[in-house]
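Sequence lines, in order, name chains A and B.
Throughout, our numbering is defined as the position within the first sequence, counted from one, plus 56.
Throughout, our numbering is defined as the position within the second sequence, counted from one, plus 141.
Note that CB positions come from ideal geometry on N, CA and C, so glycine has one too.
Report on the structure given below.
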Amino acid sequence: MEKPIDIVIHARGLTKDFGQLRAVDSVDFEVRKGEAFGLLGPNGAGKSTTMRMIASVSKRTGGELSILGLDPNEYGPDIRGHLGVVPQQDNLDLEIKVRENLIVYGRYFGLPMKFLRPKADELIEFVQLTEKAKAKVDTLSGGMKRRLTIARALINEPDILLLDEPTTGLDPQARHVLWDRLFRLKESGVTLVITTHYMDEAEQLCDRLIVMDKGRIMAAGTPASLIQEFSSREVVELRFGSDKNARLAEQLRGFGERIEVLPDRILIYTDTGEEDLARIVERGLRPVTSLVRRSSLEDVFLRLTGRSLIE
Amino acid sequence: MRQIYAGRPHTVVLRALYALKTSAWFIVVSGFFEPVFYLLAFGLGLGTLVGSVTGPLGQPVSYAAFIAPALLATSAMNGAIYDSTWNVFFKMRFARLYEGMIATSLGTLDIALGEIMYALLRGLVYALAFMAVMLSLGLVPSVWGILAVPAALLIAFGFSACGMALTSYMTTFQQMDWINFFMLPMFLFSATFYPITVYPEYIRWIIKLFPLWHGIELIRGLTLGQFDVSILWHVLYFVVMIAVGLIATTRRLTNLFMK
Ligand SMILES: Nc1ncnc2c1ncn2[C@@H]1O[C@H](COP(=O)(O)OP(=O)(O)O)[C@@H](O)[C@H]1O
Ligand SMILES: [Mg+2]
Numbered sequence: 057m058e059k060p061i062d063i064v065i066h067a068r069g070l071t072k073d074f075g076q077l078r079a080v081d082s083v084d085f086e087v088r089k090g091e092a093f094g095l096l097g098p099n100g101a102g103k104s105t106t107m108r109m110i111a112s113v114s115k116r117t118g119g120e121l122s123i124l125g126l127d128p129n130e131y132g133p134d135i136r137g138h139l140g141v142v143p144q145q146d147n148l149d150l151e152i153k154v155r156e157n158l159i160v161y162g163r164y165f166g167l168p169m170k171f172l173r174p175k176a177d178e179l180i181e182f183v184q185l186t187e188k189a190k191a192k193v194d195t196l197s198g199g200m201k202r203r204l205t206i207a208r209a210l211i212n213e214p215d216i217l218l219l220d221e222p223t224t225g226l227d228p229q230a231r232h233v234l235w236d237r238l239f240r241l242k243e244s245g246v247t248l249v250i251t252t253h254y255m256d257e258a259e260q261l262c263d264r265l266i267v268m269d270k271g272r273i274m275a276a277g278t279p280a281s282l283i284q285e286f287s288s289r290e291v292v293e294l295r296f297g298s299d300k301n302a303r304l305a306e307q308l309r310g311f312g313e314r315i316e317v318l319p320d321r322i323l324i325y326t327d328t329g330e331e332d333l334a335r336i337v338e339r340g341l342r343p344v345t346s347l348v349r350r351s352s353l354e355d356v357f358l359r360l361t362g363r364s365l366i367e
Numbered sequence: 142m143r144q145i146y147a148g149r150p151h152t153v154v155l156r157a158l159y160a161l162k163t164s165a166w167f168i169v170v171s172g173f174f175e176p177v178f179y180l181l182a183f184g185l186g187l188g189t190l191v192g193s194v195t196g197p198l199g200q201p202v203s204y205a206a207f208i209a210p211a212l213l214a215t216s217a218m219n220g221a222i223y224d225s226t227w228n229v230f231f232k233m234r235f236a237r238l239y240e241g242m243i244a245t246s247l248g249t250l251d252i253a254l255g256e257i258m259y260a261l262l263r264g265l266v267y268a269l270a271f272m273a274v275m276l277s278l279g280l281v282p283s284v285w286g287i288l289a290v291p292a293a294l295l296i297a298f299g300f301s302a303c304g305m306a307l308t309s310y311m312t313t314f315q316q317m318d319w320i321n322f323f324m325l326p327m328f329l330f331s332a333t334f335y336p337i338t339v340y341p342e343y344i345r346w347i348i349k350l351f352p353l354w355h356g357i358e359l360i361r362g363l364t365l366g367q368f369d370v371s372i373l374w375h376v377l378y379f380v381v382m383i384a385v386g387l388i389a390t391t392r393r394l395t396n397l398f399m400k
């Protein structure tokens with residue numbers, strides 16, 4: 057089948073079984089050249105499994121998959137030569153130094169030393185590890201290791217960069233440093249595929265995304281279009297204390313388009329948050345805390361699955 | 142084939158050489174001294190009590206010259222097994238190293254061959270050093286003895302390939318200890334310190350099933366000048382070990398890291 061040149065990843069009915077378990081259940085998606093594409097979903101949704109199939113290190117059970125126009129079942133090594141991979145768990149080479157990690161990795165791709173020496177220095181600078189170039193890997197902090205892994209993934213100048221939960225486990229500052237580097241990569245035209253269970257990460261980084269749960273795609277689109285389609289403009293969050301939330305929800309009927317009662321809070325989906333809150337208080341209801349905020353992908357996920365992204 | 146082999150095992154060797162710089166030199170150097178100590182203690186020490194023994198051609202041979210080739214074969218085996226079991230076990234189960242390699246355009250055969258080639262490189266250095274000791278003590282009567290070095294590499298290759306394949310099935314340190322449990326008796330009873338003729342017929346056949354006996358006979362035949370068709374059988378034994386080991390290792394790496 058002929059595919060338009062700017063579709064770099066194409067999946068149809070993509071499925072992966074581990075024994076009895078269906079980890080990825082017939083998913084369809086396309087990734088366009090130069091975009092940042094997200095896979096958002098909670099733990100166990102099948103994000104990593106999908107990534108590993110794209111990375112051509114895991115054989116699909118069924119469906120179609122083509123990466124850069126090639127079938128990974130036949131052209132695994134050729135495809136991998138054009139990919140950069142940042143796995144969920146760092147697998148840096150702890151026995152060799154920071155800069156050597158880049159050089160050696162480049163050699164695995166068959167790249168010559170003449171190319172690799174300046175490239176390694178350039179990438180070390182890009183991920184802000186110049187001071188650590190000669191350090192042993194185990195002396196790096198979590199955020200530094202993550203950045204080194206990204207530098208390593210860029211050594212072969214990949215067409216597509218796959219990032220599996222790039223900022224999980226990092227402190228807020230380290231996350232922002234990393235996001236900044238990813239923005240720059242996107243600006244320079246690298247196609248990014250990012251999995252995450254942080255909705256703010258997905259909103260910040262992704263042009264388009266799919267929302268996954270239990271191996272299936274629940275929804276697809278841009279962050280804004282997903283919010284528009286599945287949520288209201290604003291959300292009123294009320295906390296009455298965990299024993300009262302359920303009882304008071306009854307009295308809130310009629311407010312907003314939809315009410316969601318969680319164990320710790322009540323969410324009212326509405327386009328007029330401040331007004332609704334004022335009317336609620338007028339009625340004599342006294343929440344312990346209240347908050348009006350914009351809708352997020354978290355709300356989209358809640359709407360689609362009835363559960364929170366991070367349990 | 143292109144799915145499992147990119148033709149770049151040497152890049153895996155390069156990685157091992159970088160890693161060697163930061164590794165424990167004590168272990169690296171001890172690989173040379175172990176057989177030398179055995180040679181001095183048993184060959185020269187015990188050898189004064191034993192006197193000379195009958196060589197493969199019926200000629201009298203000093204006891205040191207009799208056991209030296211066996212020690213060379215054994216050190217080839219030990220080095221290969223150490224590198225392909227303990228080192229590889231750690232990399233497979235804890236270091237996630239192969240996971241990283243697999244994500245590049247390398248194939249599983251590149252990884253298997255690369256690790257083995259590195260073990261052989263180390264084995265070559267040990268074999269040359271031990272050969273130098275044997276020559277300087279006058280323990281290599283035959284000119285064919287020069288072939289003992291490539292023979293030691295062949296032995297190391299066979300043990301590496303099979304050692305790595307076995308290791309890929311192991312999940313705990315206890316299982317790894319079984320390998321040592323098996324190697325020590327093989328070292329002691331494979332006609333290392335005395336000719337196989339001391340055993341009754343049926344025990345000889347059991348000994349002949351094990352690889353170390355073939356390795357020892359191969360090198361002993363070369364250094365003591367018994368250059369005949371039996372050598373081909375010993376060589377064939379290791380060629381089969383290499384083939385089986387490589388195929389099994391490559392399959393296992395694929396199953397473990399590309400599932
Ligand atoms: N190698 C594997 N063997 C067996 N089950 C697996 C394997 N990898 C993942 N799974 C299972 O597949 C499901 C999806 O896992 P994963 O893709 O890691 O999800 P996510 O990355 O979204 O958290 C989970 O139920 C997980 O336990
Ligand atoms: Mg995951």
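- If the five residues before and after residue 126 (chain A) are omitted, its C-beta is found closer than 7 Å to the C-beta atoms of 134 and 135, all from its own chain and listed in chain order.
- Within the same chain, and ignoring the five residues on either side of residue 271 (chain A) in sequence, the residues whose Cβ sits closer than 6 Å to its Cβ are 78, 79, 80, 81 and 102.
- Of all residues in the region 220-248 of chain B, only 236, 237, 238, 240, 241, 242, 243, 244, 245, 246, 247 and 248 come within less than 8 Å of chain A when Cβ atoms are compared, listed by chain position.
- Using a cutoff of 7 Å, the CB of residue 103 (chain A) counts as near ligand 2, since one of the ligand's heavy atoms is closer than that.
- Residue 352 (chain A) sits close to residue 255 (chain A), with the two beta carbons spaced by under 8 Å.
- Note that the region 238-246 of chain B touches the region 138-154 of chain A; at least 3 beta-carbon pairs, one per stretch, sit closer than 8 Å.
- 160, 161, 163, 164, 165 and 166: these are the residues of the region 160-174 of chain A whose beta carbon lies less than 8 Å from some beta carbon of chain B, given in chain order.
- Under the DSSP assignment, residue 315 (chain A) falls in the beta strand (DSSP E) whose first and last residues are 314-317.
- Cβ contact annotation for residue 193 (chain B) (same chain, cutoff 7 Å, sequence separation greater than five): 201, 202, 203 and 204, in chain order.
- Shown here is that no member of the region 347-360 of chain B has a Cβ falling below 8 Å from a Cβ of chain A.
- The continuous beta strand (DSSP E) containing residue 326 (chain A) extends over residues 322-326.
- For residue 75 (chain A), the closest of A:117, A:177, A:109 and A:212 by C-alpha to C-alpha distance is A:117.
- Taking the beta carbon of residue 147 (chain B) as reference, the chain A residues within 8 Å of it are 133 and 166, listed in sequence order.
- Proximity to residue 398 (chain B) across A:84, A:98 and A:112 peaks at A:112, based on C-alpha coordinates.
- In the DSSP assignment, residue 201 (chain B) falls within the unbroken beta strand (DSSP E) covering 201-203.
- A direct Cα-to-Cα measurement between residue 381 (chain B) and residue 303 (chain B) gives close to 10 Å.
- Where residue 360 (chain A) is concerned, there is no enclosing beta strand (DSSP E), although the alpha helix (DSSP H) around it starts and stops at 353-361.
- Not a single C-beta of chain B is nearer than 8 Å to the C-beta of residue 213 (chain A).
- Assignment of beta-bridge partners to residue 264 (chain A) by DSSP yields A:93.
- Under the rule that a run must span 3 or more residues, the beta strand (DSSP E) segments found entirely inside the region 184-232 of chain A read 216-220.
- Just so you know, the alpha carbons of residue 354 (chain B) and residue 338 (chain B) end up roughly 13 Å apart.
- Within the same chain, and ignoring the five residues on either side of residue 297 (chain B) in sequence, the residues whose Cβ sits closer than 6 Å to its Cβ are 217, 221, 261 and 264.
- Beta-bridge partners of residue 118 (chain A) (DSSP): A:71.
- The beta carbon of residue 301 (chain B) is closer than 6 Å to those of 221, 225, 257 and 260 in its chain, skipping five residues each way along the sequence.
- Of the residues assessed, residue 284 (chain B) falls on the exposed side of the cut-off, its CB having fewer than 16 other CB atoms within 10 angstroms.
- Distance from the CA of residue 298 (chain A) to the CA of residue 320 (chain A), rounded to the nearest whole angstrom, comes to 5 Å.
- Counting every other CB atom within 10 Å of its CB across the protein chains shown gives residue 228 (chain B) a total of 16 or more, marking it as buried.
- Relative to ligand 1, even the nearest heavy atom lies 7 Å or more away from the CB of residue 398 (chain B).
- For residue 391 (chain B) and residue 295 (chain A), the gap between their C-alpha atoms comes out near 58 Å.
- Under the three-pair Cβ rule at 8 Å, the region 348-364 of chain B counts as touching the region 280-295 of chain B.
- At a beta-carbon threshold of 8 Å, the residues of chain B lying near residue 141 (chain A) are 244, ordered along the chain.
- In this structure, ligand 1 has a non-hydrogen atom nearer than 7 Å to the beta-carbon of residue 100 (chain A).
- Residue 350 (chain A): member of the beta strand (DSSP E) spanning 345-350, first to last residue.
- DSSP places residue 299 (chain B) inside the alpha helix (DSSP H), whose first and last residues are 289-308.
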